[in-house]
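Residue numbers (the working numbering), protein chains in the order written: chain A, 35 to 521; chain B, 35 to 521.
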């Protein structure tokens with residue numbers, strides 16, 4: 035990254051305190067840490083290099099897992115003719131109000147307007163109908179990395195923007211069982227990915243009818259709890275059943291020679307994951323990045339005493355080289371124009387997991403000072419064996435961030451049996467509130483209207499029989515539900 | 035990839051012979067080898083998994099080089115407000131006739147139409163004006179991987195499509211010298227990349243005024259020669275001078291405290307590179323993929339004799355595992371429904387560099403049969419030490435493809451001193467024709483009108499003094515020029 039002129043950036047103290055206004059803290063931090071910026075196009079963000087580097091680590095980790103489970107990548111057109119989007123009735127109803135329309139190409143008005151893809155079921159379904167003929171062609175297991183446009187009225191950097199980046203998997207199967215198996219396999223893959231790489235614990239479950247994807251038979255999701263006690267949907271996996279197959283006429287000759295519709299799935303995760311990382315791990319001093327997705331895992335700050343460029347800097351460079359050789363991502367901040375104190379604050383704000391200080395006294399003692407971003411512990415550490423020790427510490431920080439987030443999630447999950455209990459809990463201390471629910475969408479809407487809380491997920495397994503009284507209407511519940519105010 | 039039903043695909047013989055109609059051969063091959071397909075959106079292609087895998091290897095190789103030279107990735111919005119595109123006069127004149135317009139978002143007509151990016155100088159320039167304040171912020175070295183839309187009237191899979199994928203670098207510098215240095219550094223990087231990874235020799239040079247990028251001060255390009263003797267522009271690197279800085283008001287405080295405009299560059303390579311790979315290396319039997327970008331470098335075809343699944347297949351699997359462990363990309367084609375002969379043709383068509391046959395007799399002799407796709411040599415090879423031998427052969431094939439393409443290029447490059455010579459050569463045997471040129475755009479246009487040939491590149495260095503008479507008008511030439519009919 036290019037060096038910045040200190041005078042031109044708002045000082046670190048200008049970030050709104052997290053405890054005072056979580057939402058402003060978030061936006062201030064995203065901009066001040068140069069993760070993203072507003073653009074001249076309403077609702078569209080620019081992902082700056084420091085933020086995009088996090089996205090590249092997310093992409094790499096996720097793409098490896100998607101390929102390891104037998105999927106391949108492909109690329110489908112950005113534009114979808116209006117007539118294709120409208121083929122699946124629920125789908126068009128869900129998406130038509132929030133799409134961007136291309137009506138002119140070059141100098142001519144288009145006969146049929148094109149939609150900028152809000153998701154790609156329609157265009158991919160059309161191609162699958164062309165490519166799939168026999169059971170021998172199945173399964174088709176394709177993923178795409180792409181940009182997506184949804185015309186949002188209220189936007190927030192990373193969390194909800196008119197354009198965002200994502201991956202979308204689209205698969206076709208011979209049987210209903212295989213499609214369900216795929217849907218759940220991806221849900222588990224998403225959970226493992228987010229927990230391992232982003233150190234964010236999630237609740238995996240099934241969406242209620244009113245929260246499911248437009249056109250899906252069944253939607254599963256993983257839900258994470260942010261630092262302000264609001265939930266964020268981190269990834270979704272849809273069993274499409276035969277809905278899109280019937281709308282797009284995706285048929286195959288089965289083993290018994292009969293013509294059958296394929297069974298479909300689709301699933302996606304987006305750049306909003308970066309927002310989740312910020313909101314789950316960030317603190318009053320700024321970002322706290324999990325080592326596995328941190329652009330720099332270690333920042334080296336040489337302490338400038340006397341002719342430090344001749345005495346300290348060569349040692350700092352040697353240490354950098356030994357860490358890089360061990361596969362650690364290192365920034366050596368040897369800028370003259372800034373004091374060590376300023377650099378400490380700056381790299382804390384940018385969430386670098388480990389700071390390494392080295393000055394003349396450290397060199398005498400053949401040691402360095404390590405400082406953990408998460409616990410702020412300062413650890414004098416011998417230069418001998420440093421790369422191994424740094425790797426251990428990075429792994430420990432990754433684990434510790436997960437443990438802390440899990441403790442927060444558990445601490446912010448409560449049960450409510452009565453409506454009175456429910457409303458009080460939703461006011462007093464936000465988070466997940468688990469409560470029995472009758473299964474009625476009207477009741478679900480009433481709860482939302484009264485408390486802003488929505489059903490984030492239902493348990494994976496349906497309950498065995500009628501349960502405790504619904505928290506709202508007291509009729510017998512069909513299952514528990516995780517309620518929360520959500521992004 | 036999913037298995038295909040033999041009966042549903044056109045037979046291999048249905049590909050138009052290359053010698054008969056190069057253009058139809060190309061399109062037949064792209065579709066039959068499942069690299070890409072037409073989509074329901076006019077001019078937009080679907081890049082299928084086998085084609086996209088090649089793109090992923092191109093991305094990886096190019097991205098590594100871009101980062102190794104100090105650049106970072108970022109992401110800028112897909113949409114550009116009309117008012118921004120029109121700020122640079124030549125730029126808008128060049129691109130306005132070929133952009134897609136978004137005029138409606140959700141349910142509302144937009145007050146200001148948005149352009150779907152045909153290139154990102156305008157949006158990136160706007161952000162740079164916001165981010166860059168001091169000489170300390172320079173250089174800014176940002177690259178973006180993105181989709182691009184240009185409303186093309188005549189399209190061809192990979193070579194010219196309404197939507198394509200690319201990378202675009204956009205840099206800002208303190209001095210004119212640094213900008214020129216960057217422009218040439220990237221040109222050299224592109225040349226090295228295309229020659230090393232794609233085994234395609236290129237001519238690096240400078241564009242004439244009429245062929246340069248709309249808004250650039252100077253455009254450099256690398257030009258490759260296709261199998262039909264037509265040239266293809268494979269990558270461009272533009273020195274933008276201060277044109278965009280002035281249009282977008284990108285200023286910085288210089289070391290002497292004065293306010294200065296930055297010096298800019300931009301540069302890009304696209305999915306058309308896949309088209310170049312096909313047209314340079316392909317032959318009558320189909321694709322010939324350079325090992326470094328081949329999705330599969332080796333295909334193993336077990337010879338089915340007797341109970342081959344018990345006798346031959348375990349050996350084939352063992353060999354596959356040993357090759358994969360050595361970092362080789364392997365496909366083991368153990369499908370029952372196809373004969374070895376069919377598989378040989380199919381994987382030849384798909385351009386896999388090495389075929390490995392193994393049958394009962396080979397197992398007895400502790401050997402396998404290797405067959406090179408490029409030379410069709412068959413090489414009985416001991417199982418002992420096989421991975422090392424395969425790696426040697428893959429390197430040899432990569433080199434041999436480059437050598438062959440270079441020989442073809444040299445064989446199809448001639449000089450012409452007179453107009454008569456020039457027109458005869460352009461008719462008779464297409465390729466590069468090097469000829470002296472007066473530097474006049476009118477003369478350049480006359481040559482194009484008469485022969486369809488355009489100036490692909492001028493030499494990097496201007497000639498020392500007046501040269502031989504211009505091949506068209508006989509006035510003194512300013513330099514030689516590479517002429518060719520081009521894609």
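Think of the CB as a built atom: it goes at the ideal place given N, C-alpha and C, for glycine as much as any other residue.
Under 8 Å between C-beta atoms of residue i and residue j
i                      : j                      : result
residue 321 of chain A : residue 308 of chain A : no
residue 213 of chain A : residue 299 of chain A : yes
residue 352 of chain A : residue 428 of chain A : no
residue 471 of chain B : residue 513 of chain B : yes
residue 195 of chain B : residue 208 of chain B : no
residue 310 of chain A : residue 432 of chain A : no
residue 524 of chain A : residue 104 of chain A : The question about residue 524 of chain A has no answer, for chain A in this structure spans 35 to 521.
residue 294 of chain B : residue 282 of chain B : no
Spatial neighbours of residue i in its chain, beta-carbon cut-off 8 Å, leaving aside the 5 residues before and after
i                      : result
residue 464 of chain A : 262, 263, 264, 446, 518 and 519
residue 475 of chain B : 242, 243 and 244
residue 246 of chain B : 252, 253 and 272
residue 500 of chain A : 510, 511 and 512
residue 411 of chain B : 405
residue 165 of chain B : 171 and 174
residue 420 of chain B : 353, 356, 357 and 402
residue 274 of chain A : 155, 213, 249, 250, 251, 297, 298, 299 and 300
Identity of the residue in the options nearest residue i by Cα
i                      : options                       : result
residue 325 of chain B : B:430, B:75, B:113 and B:176  : B:430
residue 456 of chain B : B:487, B:416, B:219 and B:336 : B:487
residue 124 of chain B : B:114, B:278 and B:211        : B:278
residue 223 of chain B : B:396, B:75, B:187 and B:268  : B:268
residue 417 of chain B : B:225, B:398, B:468 and B:159 : B:398
residue 289 of chain B : B:167, B:515, B:510 and B:90  : B:167
residue 327 of chain B : B:356, B:384 and B:347        : B:384
residue 76 of chain A  : A:365, A:197, A:54 and A:282  : A:197
residue 181 of chain A : A:152, A:163 and A:374        : A:152
residue 276 of chain B : B:425, B:68, B:504 and B:211  : B:211
residue 215 of chain B : B:81, B:494, B:460 and B:143  : B:494
residue 54 of chain A  : A:438, A:318 and A:468        : A:318
residue 101 of chain B : A:484, A:66 and A:90          : A:90
Residues of its chain near residue i, where Cβ-Cβ distance is below 6 Å and the 5 sequence neighbours each way are ignored
i                      : result
residue 50 of chain A  : 58, 59 and 62
residue 126 of chain B : 119 and 120
residue 220 of chain B : 271 and 301
residue 466 of chain A : 447, 516 and 518
residue 64 of chain A  : 70 and 191
residue 315 of chain B : 322 and 435
residue 507 of chain B : 472 and 477
Own chain, CB closer than 7 Å to residue i, minus 5 neighbours either side, in chain order
i                      : result
residue 248 of chain B : 124, 125, 127, 128 and 129
residue 329 of chain A : 84, 87, 88 and 363
residue 111 of chain A : 157
residue 19 of chain B  : The shown model of chain B, from 35 to 521, leaves out residue 19 of chain B, and the question about it has no answer.
residue 415 of chain B : 401, 402, 404 and 423
beta-carbon residue i near the ligand PLP non-hydrogen atom, thresh 7 Å
i                      : result
residue 298 of chain B : The ligand PLP is absent from the structure shown, which contains no ligands of any kind.
Whole alpha helix (DSSP H) runs in the stretch 443-478 of chain B with 4 or more residues, listed along the chain?
453-462
Contact between the stretch 174-189 of chain A and the stretch 201-215 of chain A (3+ Cβ pairs under 8 Å)
yes
Beta strand (DSSP E) runs wholly inside the stretch 182-232 of chain A, at least 3 long, in chain order
197-207
Completely contained beta strand (DSSP E) runs for the stretch 367-420 of chain A, where each covers 3 or more residues:
388-392, 401-406 and 412-416
Stretch pair the stretch 79-97 of chain B + the stretch 128-144 of chain A: three plus CB contacts closer than 8 Å:
no
Let me know the beta strand (DSSP E) ranges lying completely inside the stretch 479-518 of chain A, each 3 residues or longer, listed in chain order.
488-491 and 513-518
The stretch 468-482 of chain B / the stretch 431-446 of chain B touching (three or more Cβ pairs under 8 Å):
no
Inspect the CB distances between the stretch 109-116 of chain B and the stretch 136-155 of chain B and report whether three or more fall short of 8 Å.
yes
Which runs of the beta strand (DSSP E) fall wholly inside the stretch 262-335 of chain A and span at least 3 residues, in chain order?
265-275, 285-287, 293-295 and 297-304
Run through the stretch 118-165 of chain B for me and flag every whole beta strand (DSSP E) of 3 or more residues, listed as ranges in chain order.
134-139 and 142-150
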